[in-house]
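Presented below is the structure to which this report refers.
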Amino acid sequence: PNISVSCLPELTVTIDLSPCSPIPRNTDVIESKYAKIKTLINYRKNQVASGDVLPSKGTYTYGDHQAPSKVSDEFFCNVYYTLMYKRVAEMAEILGKTDEAASYLAEYEKARVAFNNKYYLAGENDYSSKNQSGLVYALAFEFAEPENREALAAKLHEYVAASGYHFTTSFMSTEYILSVLCDYGYE
14 PNISVSCLPE LTVTIDLSPC SPIPRNTDVI ESKYAKIKTL INYRKNQVAS
64 GDVLPSKGTY TYGDHQAPSK VSDEFFCNVY YTLMYKRVAE MAEILGKTDE
114 AASYLAEYEK ARVAFNNKYY LAGENDYSSK NQSGLVYALA FEFAEPENRE
164 ALAAKLHEYV AASGYHFTTS FMSTEYILSV LCDYGYE
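Structure representation (structure tokens):
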């Protein structure tokens with residue numbers, strides 16, 4: 014979807030965050046958003062406590078709204094914080110800013126690892142949210158370690174079956190659930 018990201022009125026940026034859709038290759042559009050997104054990243058970095066990788070202070074979010082079973086606001090915030098680095102790395106690469114792309118990709122990997130360390134429940138093949146949305150985010154945005162993805166998809170299918178094949182996902186994760194399930198053989 015097109016998402017308007019705003020922490021401050023002067024930093025409102027609309028970008029496509031869909032993992033299934035590549036970032037548009039129109040470099041003029043990307044260039045016009047790139048500086049604002051870098052400013053947003055610096056703003057968001059100030060929400061990370063000393064010694065941490067993920068934001069934990071001064072964060073606010075609209076959250077995982079419109080879901081019968083929601084992920085926590087902190088979980089939701091950290092999903093999009095982590096994804097932000099992946100997307101800006103892709104933008105930098107398209108713009109030929111290879112050093113910046115590499116730097117943002119390294120930040121993405123640190124955030125992805127921290128996300129998994131904080132939320133992944135290895136013994137349960139689940140994330141701490143213990144719901145459809147949490148698994149959809151981890152699989153659709155490729156946060157989950159590759160060796161865990163099949164088991165996580167099976168757990169997602171289990172949650173869907175347990176709800177009578179109804180989705181209990183949020184507004185933000187519903188668009189990804191079908192492709193995630195199909196990608197792992199649940200048709």
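When we follow my numbering, the leftmost residue of the sequence shown carries the number 14, and every step to the right adds one. Idealized CB from N, CA, C, for every residue including glycine. Keep in mind the model is a prediction, meaning the values are calculated, not measured.
For residue i: DSSP bridge partner residues
i	result
tyrosine 133	Tyr140
Rounded Cβ spacing between residue i and residue j (contact assumed at less than 8 angstroms)
i	j	result
valine 183	glutamine 60	Here the sequence assigns serine to residue 183, which means valine is not the residue at that position. The Cβ separation is near 22 angstroms, so there is no contact.
tyrosine 94	arginine 57	6 angstroms
threonine 40	leucine 108	6 angstroms
methionine 1	aspartate 77	With the chain running from 14 to 200 in the structure shown, residue 1 is simply not present.
serine 142	valine 84	4 angstroms
Extent of the continuous alpha helix (DSSP H) run through residue i
i	result
valine 101	86-107
alanine 48	40-58
serine 192	187-196
leucine 169	162-175
glycine 147	145-153
Selection from the options that minimises the alpha carbon distance to residue i
i	options	result
phenylalanine 208	Leu165, Asp41, Asn144	Any answer about residue 208 is impossible in this case: the structure gives the chain only from 14 up to 200.
isoleucine 261	Glu137, Arg100, Gly76	Any property of residue 261 remains undetermined from this structure, which presents the chain solely from 14 to 200.
glutamine 103	Ala115, Tyr94, Tyr93	One detail in the question is off: residue 103 reads as glutamate in this sequence, not glutamine. For glutamate 103, the nearest C-alpha among the options comes from Ala115.
valine 92	Lys110, Thr40, Tyr121	Tyr121
leucine 191	Ala164, Pro159, Ser146	Ser146
arginine 125	Asp65, Ile50, Lys46	Asp65
leucine 165	Gly177, Glu113, Tyr133	Tyr133
alanine 127	Lys83, Tyr172, Ser69	Ser69
glutamate 137	Lys123, Glu171, Phe154	Glu171
tyrosine 199	Tyr178, Glu188, Thr187	Tyr178
tyrosine 140	Pro159, Glu113, Leu169	Leu169
lysine 46	Ser82, Pro81, Met97	Met97
leucine 67	Asn130, Glu188, Glu113	Asn130
isoleucine 50	Ala105, Ser186, Ala119, Glu188	Ala105
leucine 194	Ser176, Ala167, Ala175, Met185	Ala167
serine 82	Thr187, Glu155, Lys110	Thr187
lysine 110	Tyr189, Asn161, Ala48	Ala48
glutamate 160	Val173, Ile43, Ala135, Ser176	Ala135
tyrosine 189	Thr72, Lys123, Phe154, Val42	Phe154
beta-carbon residue i near the ligand GTP non-hydrogen atom, thresh 6 angstroms
i	result
tyrosine 132	Looking at this structure, you won't find the ligand GTP or any other ligand, since it has none at all.
Three or more C-beta pairs below 8 angstroms linking the region 136-156 and the region 83-97: Yes, the region 136-156 is in contact with the region 83-97.
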